[in-house]
Structure formats: structure tokens, C-alpha cells
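Notes for the one structure printed next.
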Amino acid sequence: MTKRLALFLVALQFHFTAKAKYEQERDNFFLALKNLNHQVASDLARQIPDNALGEAMVQLSMLLHNAGQVVITPSDTVKYQLLNRSFPQGHYGRIITKLLLGYSYFFTDPYTEKPIKNFSEAYLLANDVGTNEEIKYALYSIIKMYNWELSQSNDDLIDYLSLYEKYVSDSADRYHFLMNKFKFELRNIFLNVDLNDQFFTSMSLLMPSFSKDHHFWTEYYITLGIYKKYIKKYEEAIDLHTMALKRIGDEPYLRYLKFSSYIQLAEIARYQGEYEEAILFIDSARKSSYVNDPVRAEYYLNYYLAPNLFGLGDANEAYFTLSRSDTFKNQLDYDRNSLSIAQYKWKFQTEETKAALIIETAQREIAEKRNLYILVIAILFILFISTVYYLIQKNTNRKQQLAVQEKNIEKQKVATLLKEQELATIDAMIIGQEKERQRIANDLHDDLGSLMASIKLHFDSIKTNSTKGLTELHSKTDALIDEAYNKIRAIAHAKNSGMVAKEGLLKSVKEMANKVSVANNLTLTVSDHGLDKRMENSLELTLFRIIQELITNVVKHADASEANIHLTRHSDCLNIMIEDNGGGFDTSVVVKTDKGMGLRSIDKRISHLGGTVNIDSEIGKGTTIIIEVPI
Numbered sequence: 290m291t292k293r294l295a296l297f298l299v300a301l302q303f304h305f306t307a308k309a310k311y312e313q314e315r316d317n318f319f320l321a322l323k324n325l326n327h328q329v330a331s332d333l334a335r336q337i338p339d340n341a342l343g344e345a346m347v348q349l350s351m352l353l354h355n356a357g358q359v360v361i362t363p364s365d366t367v368k369y370q371l372l373n374r375s376f377p378q379g380h381y382g383r384i385i386t387k388l389l390l391g392y393s394y395f396f397t398d399p400y401t402e403k404p405i406k407n408f409s410e411a412y413l414l415a416n417d418v419g420t421n422e423e424i425k426y427a428l429y430s431i432i433k434m435y436n437w438e439l440s441q442s443n444d445d446l447i448d449y450l451s452l453y454e455k456y457v458s459d460s461a462d463r464y465h466f467l468m469n470k471f472k473f474e475l476r477n478i479f480l481n482v483d484l485n486d487q488f489f490t491s492m493s494l495l496m497p498s499f500s501k502d503h504h505f506w507t508e509y510y511i512t513l514g515i516y517k518k519y520i521k522k523y524e525e526a527i528d529l530h531t532m533a534l535k536r537i538g539d540e541p542y543l544r545y546l547k548f549s550s551y552i553q554l555a556e557i558a559r560y561q562g563e564y565e566e567a568i569l570f571i572d573s574a575r576k577s578s579y580v581n582d583p584v585r586a587e588y589y590l591n592y593y594l595a596p597n598l599f600g601l602g603d604a605n606e607a608y609f610t611l612s613r614s615d616t617f618k619n620q621l622d623y624d625r626n627s628l629s630i631a632q633y634k635w636k637f638q639t640e641e642t643k644a645a646l647i648i649e650t651a652q653r654e655i656a657e658k659r660n661l662y663i664l665v666i667a668i669l670f671i672l673f674i675s676t677v678y679y680l681i682q683k684n685t686n687r688k689q690q691l692a693v694q695e696k697n698i699e700k701q702k703v704a705t706l707l708k709e710q711e712l713a714t715i716d717a718m719i720i721g722q723e724k725e726r727q728r729i730a731n732d733l734h735d736d737l738g739s740l741m742a743s744i745k746l747h748f749d750s751i752k753t754n755s756t757k758g759l760t761e762l763h764s765k766t767d768a769l770i771d772e773a774y775n776k777i778r779a780i781a782h783a784k785n786s787g788m789v790a791k792e793g794l795l796k797s798v799k800e801m802a803n804k805v806s807v808a809n810n811l812t813l814t815v816s817d818h819g820l821d822k823r824m825e826n827s828l829e830l831t832l833f834r835i836i837q838e839l840i841t842n843v844v845k846h847a848d849a850s851e852a853n854i855h856l857t858r859h860s861d862c863l864n865i866m867i868e869d870n871g872g873g874f875d876t877s878v879v880v881k882t883d884k885g886m887g888l889r890s891i892d893k894r895i896s897h898l899g900g901t902v903n904i905d906s907e908i909g910k911g912t913t914i915i916i917e918v919p920i
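In the working numbering, the protein residues as written are 290 to 920.
Written out as C-alpha cells, the structure is:
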């Protein structure tokens with residue numbers, strides 16, 4: 290019995306000695322990571338005798354160095370999951386693999402609960418069996434996730450920053466705390482908001498503790514450059530961003546800083562009226578855009594490109610660029626909403642994870658300290674009851690939220706159905722109107738036109754056998770009949786929609802422009818771009834009628850000498866712009882009192898097509914009407 294106890298004590302001492310040794314090696318590894326020394330971290334990991342632990346640490350350092358700018362394949366993720374399973378539940382090796390899985394999903398699938406779930410599990414496990422450096426790095430990973438995309442006004446981030454501050458023990462910890470707190474307060478590093486002078490005071494005292502080649506200086510230069518731009522010291526800001534770009538090189542984990550610097554330089558150039566130079570900087574930013582988050586990159590690129598195009602006088606392209614920016618922003622907002630939903634889903638799941646970890650911890654304590662068995666069971670029972678009560682409350686609230694969501698969805702379905710029915714009614718009305726126009730055109734042409742032609746032939750016959758005076762009367766009568774006949778033909782062709790159906794919108798608009806230019810003291814031109822393909826026939830017909838009505842308004846009311854019709858088709862929409870140099874009008878009065886097939890009626894028809902109408906008019910300076918319709 291004594292011999293067995295001695296062997297047990299020797300084995301126990303060996304276990305704790307090995308654990309202490311690995312703790313120091315893991316601490317050194319995470320010290321290298323938080324100082325951005327990924328190669329040093331990899332070298333330290335390769336020296337660890339535990340092959341599984343060493344491999345997991347090597348993979349983590351490589352993943353952080355590449356930062357999602359090198360493609361992560363499904364086989365890589367499978368490899369990380371296998372590494373995680375190589376350690377038993379509750380083993381400190383799972384801290385490394387949970388961080389590895391968290392960053393893998395962060396760089397490939399950030400808008401789900403997977404990254405935050407794995408980071409949080411790493412933090413909970415580090416609190417149980419990890420070192421302070423592992424706890425800090427797990428907290429840093431969670432904070433980085435929040436500052437990257439998750440709701441930055443979320444109080445959870447403040448809580449995690451407060452937790453991180455308690456563990457600050459060296460200059461690198463202090464740097465990460467101050468920088469992440471500043472990002473939270475700034476909300477968006479590209480926006481000009483009040484900057485915190487206290488931050489720069491603290492950073493100016495902290496930065497000399499790092500060597501001049503440390504990459505903390507790179508991010509500090511960029512942040513200080515943003516501040517200099519804010520206080521309009523543009524030359525200093527340019528120098529700071531230029532220094533930062535030279536230091537970044539081709540390091541993939543600093544790619545986002547390069548993107549930020551080029552955007553900042555573009556904004557400075559725009560403030561100074563150097564729009565072409567600003568566009569060159571934006572092109573450079575595009576080359577350094579996020580490989581793992583292209584939607585966010587395209588949103589910022591288009592958002593900052595638009596005002597420079599406008600500054601160069603290309604208002605149309607600036608408008609379309611800003612529209613593209615809005616499209617990407619909508620997608621980004623959708624992703625953010627998905628992430629918020631994922632966050633709540635994770636919060637529900639993490640309660641179960643906490644309970645499981647508490648139970649596992651209690652089981653290990655029971656095995657090691659049997660004399661505390663009753664006390665541990667009592668604690669577990671209390672925790673279990675509390676957790677069950679919390680989960681029940683959480684589930685009840687969740688069901689209530691789902692019921693409200695389902696009710697809102699039903700309302701949306703009803704609204705959508707009503708709109709579809711209204712659109713169908715309008716389409717049927719348009720089709721009926723066009724059939725009636727066709728019938729009238731046929732009657733005018735086939736019946737009344739033929740009759741007038743016969744009358745003309747009878748008069749021609751009489752004319753050849755009459756006296757000179759009668760011949761003169763017949764000649765005048767003949768001229769009147771010719772005029773009536775031509776007017777009947779003109780009415781028939783004007784009411785007939787066959788031109789649009791056969792030739793398409795563009796050719797019909799050009800034909801109408803030629804007739805208006807000939808018949809009125811108005812020069813009407815048509816410009817087109819991208820109308821190589823026909824659209825749906827009823828849509829073309831509706832748009833033609835609207836354009837025809839607007840040009841009629843110009844002829845009747847604008848007193849203009851020139852007018853232009855611009856038709857531009859993009860991949861998913863058609864832009865129509867009609868402008869004239871006439872007398873203009875007060876839009877607040879005219880649109881409000883407009884009746885019949887006027888501006889309000891046109892606006893309603895465009896709205897049913899899912900489009901928009903914008904009217905810009907000033908008395909004495911002409912009118913511009915812009916219509917945008919989705920295709």
C-alpha cells in the first residue's frame with residue numbers, strides 16, 4: 290500500500306512538473322503572438338515535445354499571420370477540428386484549438402455564431418485550466434471580433450474590455466487595451482468624429498517602450514494620421530500614412546491597415562481638390578482590399594470614389610457609384626443583422642456550454658477532493674436550478690419574440706399580396722387601354738380613311754368635267770379633304786402602340802423626338818447607353834407613354850428651346866433623365882396641385898413599377914426629371 294502511494298505521488302509530481310513546463314512555453318508562445326511575432330511563435334511551438342499541442346500552436350500562428358488573405362480550404366477546417374478532438378474534454382490543449390477554430394471561421398464565415406462561440410469557449414476553458422496569457426489572448430480575440438463587425442454599441446464589448454484591463458501586465462497588453470478601446474469609441478475608423486486627445490497622450494507615453502521596427506508603430510502612425518487629418522494638418526497626415534505604408538510591405542495580417550491608409554490619403558487629396566490623385570489612391574486601396582470580406586471593401590471603395598467623380602464633373606457616374614455603394618451597404622447591413630441573430634443564438638447556447646464546463650469541473654474536483662463531495666454537489670444543484678430557471682425564462686422570451694416575428698411576417702405577406710393585386714389591376718388597365726387605342730386606330734384607318742379616299746376620287750372625277758370656277762372650288766375642297774385625310778392618318782399612327790411593340794422603346798422615343806422637333810420650336814435630342822437588348826413589351830410601352838407625357842408637358846408649359854432625353858440601362862435598372870432649358874416651376878406647388886395624367890400620376894405609376902422619380906426645377910433655370918426603374 291505504501292509503495293503504491295509513493296508511485297502515485299511520483300506520478301503526480303511528474304504531471305504537475307510537466308504541466309508547469311508547458312505553461313511557461315505556452316506563455317512565451319502567446320507573448321510572441323500578441324507582439325505580432327508570428328514566426329517566433331511558430332519556432333517556439335515546434336520545440337514542444339507534445340506533437341498534437343505543438344502542431345495546433347504552429348497552425349494558429351500561421352493562420353494569424355495570413356489573416357484570411359490566403360484561402361482557407363474546407364480540408365484545413367477539418368484538420369483543425371481533428372486537432373481539437375485529439376485533446377480530451379477540459380484539456381488545456383483545447384484552448385489553442387478553440388482559438389484556431391475561432392479564427393478559421395472569423396476569416397471565412399464571420400457572420401455566424403461560430404467565431405464568437407469558439408473564442409468564448411476558449412476563454413471559459415482558459416479561466417478553468419489556462420494561464421493568464423491564454424486568458425488575455427482569448428479576451429483579445431473576442432474584442433477583436435466585436436470591433437471588426439459585431440454591434441459596436443453593444444455593452445458586451447465594454448464588459449470584455451473591462452475584463453481585459455484587469456489582466457493588463459505589460460506594454461503590449463496596454464497597447465491592445467488602449468487601441469481597442471479607441472476603436473470602440475471611434476465606431477468607424479473612416480468617419481470624422483471627435484477624437485479623444487487622452488488616447489494620444491497615453492499612446493505617446495507608451496509607444497517609446499517598443500522598438501522602432503515594431504509593427505505597433507505602423508497602426509499607431511495610421512491612427513495618428515487620422516487625427517492629423519481631422520485637425521486639418523494634411524501634410525503631417527500624409528507623412529504619417531506614407532511611413533506606415535513603407536513599413537507594412539506585403540505582410541498579409543497588415544493588409545487592412547494598407548487599405549485604411551490609402552483611403553485616408555484619398556480623402557486628404559479630395560479635401561485639397563486633387564480628385565484624380567484621390568482616385569489613384571482608391572485604386573491602390575482596391576488592390577489591397579480584404580480578400581476575406583469583399584462586400585465591406587466594395588462598400589468603402591464605392592462610397593469614397595463617388596465624391597471624387599462628382600468633383601471631376603462626372604455627376605452621372607458619381608450617382609451610379611454611390612448607388613453601388615448603397616447596394617453593398619444594404620448587403621453589409623443584412624450580414625450585420627444575421628450576425629446579431631447569431632449572437633443571440635450563441636448566447637443561448639453558451640449557457641449550456643457554461644453548465645457543461647461547470648459540471649466537468651465539479652467532477653474533476655470530486656475525483657481529487659472527495660472530502661468536499663457534499664459541498665460540491667450542493668453547489669452544482671444550486672447552479673443547475675439557476676441555469677434551468679434562466680434557460681426557461683430565456684426560452685419563454687424567445688418564443689414570444691418568435692410569435693411577434695411571425696405576426697409581422699403575416700402582415701408583410703398580406704401587404705405584398707395587395708400590392709401584387711394592385712399591379713395586376715394596373716397591368717390589365719394598360720392592356721385594355723392599348724387594345725382600345727388599337728381598335729380606334731384600325732377604325733380610323735380602315736373605315737373613315739377609306740371613305741375619305743373614295744370621296745377624293747369622286748371629286749377628282751367631277752373636277753375634270755367642270756367649268757373653270759367650279760374647278761377652282763373643287764381644288765380648294767380637294768385641299769381641305771387632303772388635309773383632313775392626313776390628320777386622320779396622323780391620329781391613327783399616334784394612337785397606335787404598334788411602333789413600340791415592333792421597334793422597341795429606343796427607336797419609338799427617337800421617332801417621337803424627330804416629330805416633336807419638326808412640329809414645334811423645340812430641339813429635342815435622345816442619348817442612349819446600354820439599350821442593345823429589348824425589355825419586356827408592357828414595360829417598354831408604359832415607359833414610352835410616361836416619356837411621351839413628360840415631353841408633352843415640356844412643349845405645352847416649359848417654353849423651352851432645347852430638351853434632352855437620356856436613356857441608360859445598367860444590369861438591374863433603367864435610368865431615364867429628361868432635362869430642358871425652359872422657365873422651370875415651383876415643385877412644391879405644381880406636384881401638389883397636379884391632376885390627371887400629370888406628375889403625381891406618373892410618380893404613382895413609377896412607384897408601382899418599383900422605381901423612383903426625382904424632380905429638380907428652379908424658376909428661370911429649367912427642369913430635370915430623373916426616373917429609375919428596376920428591370
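Positions of the beta carbon are idealized from the N, C-alpha and C atoms, including for glycine.
Checklist entry - Count the other CB atoms within 10 Å of the CB of Ala595; is the residue buried (16 or more) or exposed (fewer)? => result Your numbering for residue 595 matches position 306 in the sequence shown. Buried, since its Cβ has 16 or more Cβ neighbours within 10 Å.
Checklist entry - For the candidate residues His354, Ala849, Tyr593, whose alpha-carbon lies nearest to that of Tyr560? => result Position 271 of the sequence shown holds residue 560. Minimum Cα distance to Tyr560 is reached at Tyr593.
Checklist entry - Do Leu388 and Ala427 come within 8 Å of each other at the CB atom, strictly closer than that value? => result In the sequence shown, residue 427 corresponds to position 138, counting from 1. In the sequence shown, residue 388 corresponds to position 99, counting from 1. Contact flag set, yes.
Next on the checklist: In whole angstroms, give me the CA-to-CA distance for Lys518 and Ile557.
Outcome noted: Numbered from its first residue, the sequence shown carries residue 518 at position 229. Numbered from its first residue, the sequence shown carries residue 557 at position 268. For Lys518 and Ile557, the distance between alpha carbons rounds to 7 Å.
Next on the checklist: Can you tell me whether Ile854 is helix, strand or coil according to DSSP?
Outcome noted: Position 565 of the sequence shown holds residue 854. Residue state, collapsed to three classes: strand.
Checklist entry - When burial is assigned at 16 or more other CB atoms within 10 Å of the CB, is Leu664 buried or exposed? => result Stepping through the sequence shown from its first residue, residue 664 is reached at position 375. Counting Cβ neighbours within 10 Å, Leu664 comes out exposed, since fewer than 16 surround it.
Checklist entry - Rounded C-beta distance between Ala852 and Asp875? I'm assuming under 8 Å. => result Here residue 852 refers to the residue found at position 563 of the sequence shown. Here residue 875 refers to the residue found at position 586 of the sequence shown. Not really, about 20 Å apart at Cβ, beyond 8 Å.
Checklist entry - For the beta strand (DSSP E) that Ile915 lies in, which residues bound it at each end? => result For the purposes of this step, residue 915 is taken as residue 626 along the sequence shown, with counting starting at 1. Taken as a continuous stretch (DSSP letters only), the beta strand (DSSP E) holding Ile915 covers 912–919.
Item to check | Where Thr490 falls: helix, strand or coil (DSSP) | outcome: Translated into the one-based positions of the sequence shown, residue 490 becomes position 201. Thr490 falls in the helix class under three-state DSSP.
Item to check | Endpoints, the alpha helix (DSSP H) within which Met351 is located | outcome: Start at 1 with the first residue of the sequence shown, and residue 351 comes out as number 62. From DSSP, the alpha helix (DSSP H) with Met351 extends over 340–355.
Item to check | Contact belief for His859 with Phe609 at Cβ below 8 Å, rounded distance in angstroms | outcome: Against the sequence shown, residue 859 aligns to sequence position 570. Against the sequence shown, residue 609 aligns to sequence position 320. About 7 Å separates the two Cβ atoms, so the contact holds.
Next on the checklist: Mapping the DSSP letters down to three states, classify Ser906 as helix, strand or coil.
Outcome noted: Translated into positions along the sequence shown, residue 906 becomes position 617. Looking at Ser906 - three-state DSSP - the assignment turns out to be strand.
Checklist entry - Could you check where the beta strand (DSSP E) with Met866 kicks off and where it finishes? => result Numbered from its first residue, the sequence shown carries residue 866 at position 577. Start and end: 862–869.
Checklist entry - Based on Cα-Cα distance, which residue from Pro541, Ile891, Ser906 lies nearest to Gly900? => result In the sequence shown, the residue the question calls residue 900 occupies position 611. For the residues Pro541, Ile891, Ser906, the minimum Cα distance to Gly900 belongs to Ile891.
Item to check | For Cys862 and Glu825, believed in contact at Cβ under 8 Å, the rounded distance | outcome: By one-based count along the sequence shown, residue 825 stands at place 536. By one-based count along the sequence shown, residue 862 stands at place 573. Glu825 to Cys862, Cβ: 14 Å. No contact.
Checklist entry - Residues in its own chain within less than 7 Å of Lys688 by CB, not counting five upstream and five downstream? => result Reading the sequence shown from its first residue, position 399 is the one you call residue 688. Excluding sequence neighbours, Lys688 sits near nothing in its chain.
Next on the checklist: Counting C-beta neighbours from all protein chains within 10 Å, is the total for Leu298 16 or more, i.e. buried, or is it exposed?
Outcome noted: As a first step, residue 298 must be located in the sequence shown, where it is residue number 9. Residue placement at Leu298 is flagged as unreliable, the pLDDT there being 42, under the threshold of 50; the coordinate-derived value follows with that caveat. Classification of Leu298: exposed, given that the 10 Å Cβ count is below 16.
Checklist entry - Buried or exposed: where does Asn810 fall if 16 or more other Cβ atoms within 10 Å of its Cβ makes it buried? => result Walking along the sequence shown from the start, residue 810 turns up at place 521. Per the 10 Å Cβ criterion, exposed.
Checklist entry - What is the DSSP secondary structure of Leu601, counted as helix, strand or coil? => result To locate residue 601, count along the sequence shown from 1; it is residue 312. DSSP places Leu601 in coil when its eight states are reduced to three.
Next on the checklist: By DSSP's criteria, Ser816 is part of a beta bridge. Which residues make up the other side?
Outcome noted: Residue 816 sits at position 527 when you count from the first residue of the sequence shown. Ser816 is bridged to His855.
Item to check | Contact set for Ile357: own chain, Cβ-Cβ below 6 Å, skip 5 residues either direction | outcome: Here residue 357 refers to the residue found at position 68 when the sequence shown is read from its first residue. The sequence given here places Gly at residue 357; Ile does not occur at that position. Once the five neighbours on either side are set aside, the close Cβ partners of Gly357 are Phe396, Asn581.
Next on the checklist: Tell me whether the segment 495–510 and the segment 522–541 touch, counting them as touching only if at least three CB pairs, one residue from each stretch, are closer than 8 Å.
Outcome noted: yes
Checklist entry - Taking the C-alpha atoms as reference points, what is the distance between Asn619 and Tyr400? => result By 1-based counting over the sequence shown, the position of residue 619 is 330. By 1-based counting over the sequence shown, the position of residue 400 is 111. Looking at the two C-alpha atoms, the distance is approximately 15 Å.
Checklist entry - Which ranges would you report for the alpha helix (DSSP H) in the segment 539–612 if only whole runs of at least 4 residues count? => result 544–560, 564–576, 583–600
Checklist entry - Using a Cβ-Cβ cut-off of 8 Å (strictly less than) and excluding sequence neighbours within five positions of Asn591, which residues of its own chain qualify? => result Residue numbering aside, residue 591 sits at position 302 when the sequence shown is read from its first letter. Closer than 8 Å at Cβ, skipping near neighbours: Thr610, Leu611, Arg613, Ser614, Phe617.
Checklist entry - Taking all protein chains shown into account, do 16 or more other C-beta atoms lie within 10 angstroms of the C-beta of Ala692, making it buried, or fewer, making it exposed? => result Here residue 692 is taken as the residue at index 403 of the sequence shown, counted from 1. Ala692 is exposed by the Cβ-count criterion.
Checklist entry - Just the Cα atoms here: how many angstroms apart are Leu646 and Gly379? => result For the purposes of this step, residue 646 is identified with residue 357 of the sequence shown, where counting begins at 1. For the purposes of this step, residue 379 is identified with residue 90 of the sequence shown, where counting begins at 1. In this prediction, Leu646 has a pLDDT of 48, which is less than 50 and means its spatial position is unreliable; what the coordinates show is noted afterwards. Their Cα atoms are separated by approximately 8 Å.
Checklist entry - Could you give the C-beta distance for Asn436 and Lys472, rounded to a whole number, given that I count them as a contact under 8 Å? => result Residue 436 sits at position 147 when you count from the first residue of the sequence shown. Residue 472 sits at position 183 when you count from the first residue of the sequence shown. That pair is a contact at about 5 Å.
Item to check | Local Cβ density within 10 Å of Ile914, reported as buried at 16 or more and exposed below that | outcome: Counted from its first residue, the sequence shown places residue 914 at position 625. Classification for Ile914: buried.
Next on the checklist: For the alpha helix (DSSP H) containing Val325, name the first residue and the last one.
Outcome noted: Along the sequence shown, read from residue 1 onward, the residue named residue 325 stands at position 36. Before going on, a small fix: residue 325 reads as Leu here, not Val. No alpha helix (DSSP H) contains Leu325, which DSSP labels as neither H nor E.
Checklist entry - Would DSSP call Gly900 helix, strand or coil? => result Working through the sequence shown from its first residue, we reach residue 900 at position 611. Correct three-state label for Gly900: coil.
Next on the checklist: For Ala586 and Ala341, I'd like the C-alpha separation in whole angstroms.
Outcome noted: Residue mapping note: residue 586 aligns to position 297 of the sequence shown, counting from 1. Residue mapping note: residue 341 aligns to position 52 of the sequence shown, counting from 1. Those two C-alpha atoms are separated by around 37 Å.
Item to check | Three-way DSSP call (helix, strand, coil) for Leu621 in this model | outcome: Within the sequence shown, residue 621 is the residue found at index 332, counting from 1. Residue state, collapsed to three classes: helix.
Checklist entry - Hey, out of Lys696, Asp332, Ala574, whose CA is closest to Ala321's CA? => result Here residue 321 corresponds to residue number 32 of the sequence shown, with the count starting at 1. The shortest C-alpha separation from Ala321 is found at Asp332.
Checklist entry - Using the beta-carbon count (16 or more within 10 Å), is Val367 buried or exposed? => result As a position in the sequence shown, residue 367 is number 78, starting the count at 1. Burial call: exposed.
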